[in-house]
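Colleague: Residue numbers in the sequence shown follow the working numbering, run continuously in steps of one, and reach 208 at the last position. We put the beta carbon where it would ideally sit given N, CA and C, even for glycine. Remember, predicted model here, so these are calculated numbers, not experimental data. Shown below is the structure under consideration.
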Amino acid sequence: MMILDLVLFLACLAFFHTSEFALAWIFNPSDLSRDSWLFSRHYCLAMGLALSEYFCERALAPGWKRPSPVMWAGLLLVLLGEALRKAAILTAGPSFTLDVKTHRRPHHHLVTRGVYRLCRHPGYLGWTLWCVGTQVLLRNVVCSAVFAAWSWKFFAHRIPYEETLLLEMFGERYRDYAAKTRLWLPFIESPCERTEHSEWPDL
């Protein structure tokens, strides 16, 4: 019998990684490498654990893995996250890179149009929705929580670091943009939100 949720999960992974590599090849061919496939060691380990949970729960509680509204909700999260992330890449073009740049490159521009009008980091938000959605799709109770916590912890470190660099590159332009545009990832402190008196003293 076809395992519908597993087939959908594998199809979502195949499309995500293939399209990520293709867009990296289109917009940043000089940076193209094996890393452009986004198969890091930690990521592969996480997905391996997800499949382990899936098959364990399927063996112990097969009824839980039958197609259900929860599965379709997970697929919806995956599609929403995929669409948001791809919209971010297509809008930013060459300015969208997988690694955080510490220096401004000639084609590096502050992008505030399209999905960036609604969210400061739509690529990160899209990834989070996609990542958690894959686990809801499989009805992985443990990994749904673990993937959500893992994604939040990663971006809780990356976003403040990246926004500090963006402030150095674009100055008040980025601060004004950040003041008007929400992050949407909760409980992440941004250097743009610190007060001048306590965090940005006059020297």
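1. Ordered along the chain, which non-local residues of its own chain (more than five positions away) have a Cβ less than 6 Å from that of residue 127?
2. Residue 82 and residue 15 - do their beta-carbons sit closer together than 7 Å?
3. For residue 25 and residue 96, what's the separation of their Cα atoms in angstroms?
4. Which of helix, strand or coil does DSSP assign to residue 98?
5. Classify residue 10 as buried or exposed, calling it buried when 16 or more other Cβ atoms lie within 10 Å of its own Cβ.
6. Do residue 4 and residue 174 have their C-beta atoms within less than 7 Å of each other?
7. Quick check on this structure: which residue in 132, 55, 183 has the alpha carbon closest to the alpha carbon of residue 159?
8. From 118, 84, 86, pick the residue whose C-alpha is nearest to that of residue 100; which is it?
9. In its own chain, which residues sit with a C-beta less than 8 Å from the C-beta of residue 145, not counting the 5 before and 5 after it?
10. Closest to residue 84 by CA distance: which of 138, 194, 167 is it?
11. Please classify residue 179: is it buried, with 16 or more other beta-carbons within 10 angstroms of its beta-carbon, or exposed?
12. Starting from the Cα of residue 79, find the closest Cα among 12, 172, 188, 140 and give me that residue.
13. Counting only the same chain and skipping the five closest in sequence on each side, list residues whose C-beta sits under 8 Å from that of residue 114.
14. By Cβ distance below 8 Å, which residues in the same chain neighbour residue 106 in space, the five residues on each side in sequence not counted?
15. Measure the C-alpha to C-alpha separation of residue 20 and residue 196 and round it to an integer number of angstroms.
16. How many Å lie between residue 103 and residue 65 at the Cα?
17. Taking the alpha carbon of residue 189 as the point to measure from, which residue in 50, 164, 176 has its own alpha carbon closest?
18. Indicate whether residue 142 and residue 52 have their beta-carbon atoms separated by less than 7 Å.
19. Return the Cβ separation of residue 37 and residue 29 in integer angstroms, given the expectation that the two are a contact with Cβ distance under 8 Å.
20. Can you find the residues in the same chain that come closer than 8 Å, C-beta to C-beta, to residue 41, ignoring five residues on each side of it along the sequence?
Modeller: On the basis of the coordinates in this document:
1. On the sequence shown, position 122 is the one that residue 127 refers to. The residues are 89, 93, 120.
2. Taking the first residue of the sequence shown as 1, we reach residue 15 at position 10. Taking the first residue of the sequence shown as 1, we reach residue 82 at position 77. No.
3. Within the sequence shown, residue 25 is the residue found at index 20, counting from 1. Within the sequence shown, residue 96 is the residue found at index 91, counting from 1. Approximately 14 Å between the Cα atoms of the pair.
4. Indexing the sequence shown from 1 puts residue 98 at position 93. Residue state, collapsed to three classes: helix.
5. The residue given as residue 10 occupies position 5 in the sequence shown. Burial call: buried.
6. This structure cannot speak to residue 4, because the chain is shown only from 6 to 208.
7. Walking along the sequence shown from the start, residue 159 turns up at place 154. Among 132, 55, 183, the Cα nearest to that of residue 159 belongs to 132.
8. What you label residue 100 is simply residue 95 of the sequence shown in a count that begins at 1. Measuring from the Cα of residue 100, the nearest candidate turns out to be 118.
9. Translated into the one-based positions of the sequence shown, residue 145 becomes position 140. Correct list, in chain order: 55, 58, 59, 62.
10. Working through the sequence shown from its first residue, we reach residue 84 at position 79. A check of alpha carbon separations from residue 84 across 138, 194, 167 identifies 138 as the nearest.
11. On the sequence shown, residue 179 is found 174 positions in, with the first residue counted as 1. Residue 179 comes out buried.
12. Along the sequence shown, read from residue 1 onward, the residue named residue 79 stands at position 74. Per the Cα distances, 140.
13. Position 109 of the sequence shown holds residue 114. Contacts found: 100.
14. Start at 1 with the first residue of the sequence shown, and residue 106 comes out as number 101. The answer, listed in chain order, is 113, 170.
15. As a working mapping, residue 20 is identified with position 15 in the sequence shown. As a working mapping, residue 196 is identified with position 191 in the sequence shown. Cα to Cα, residue 20 sits roughly 35 Å from residue 196.
16. Counting from 1 along the sequence shown, the entry for residue 103 is found at position 98. Counting from 1 along the sequence shown, the entry for residue 65 is found at position 60. Distance between the alpha carbons of residue 103 and residue 65 is about 39 Å.
17. Within the sequence shown, the letter at position 184 stands for residue 189. Minimum Cα distance to residue 189 is reached at 164.
18. Translated into the one-based positions of the sequence shown, residue 142 becomes position 137. Translated into the one-based positions of the sequence shown, residue 52 becomes position 47. Cβ distance not < 7 Å, so residue 142 and residue 52 don't count as in contact.
19. Here residue 37 refers to the residue found at position 32 of the sequence shown. Here residue 29 refers to the residue found at position 24 of the sequence shown. That pair is a contact at about 6 Å.
20. Your numbering for residue 41 matches position 36 in the sequence shown. The answer, listed in chain order, is 25, 26, 29, 30, 103.
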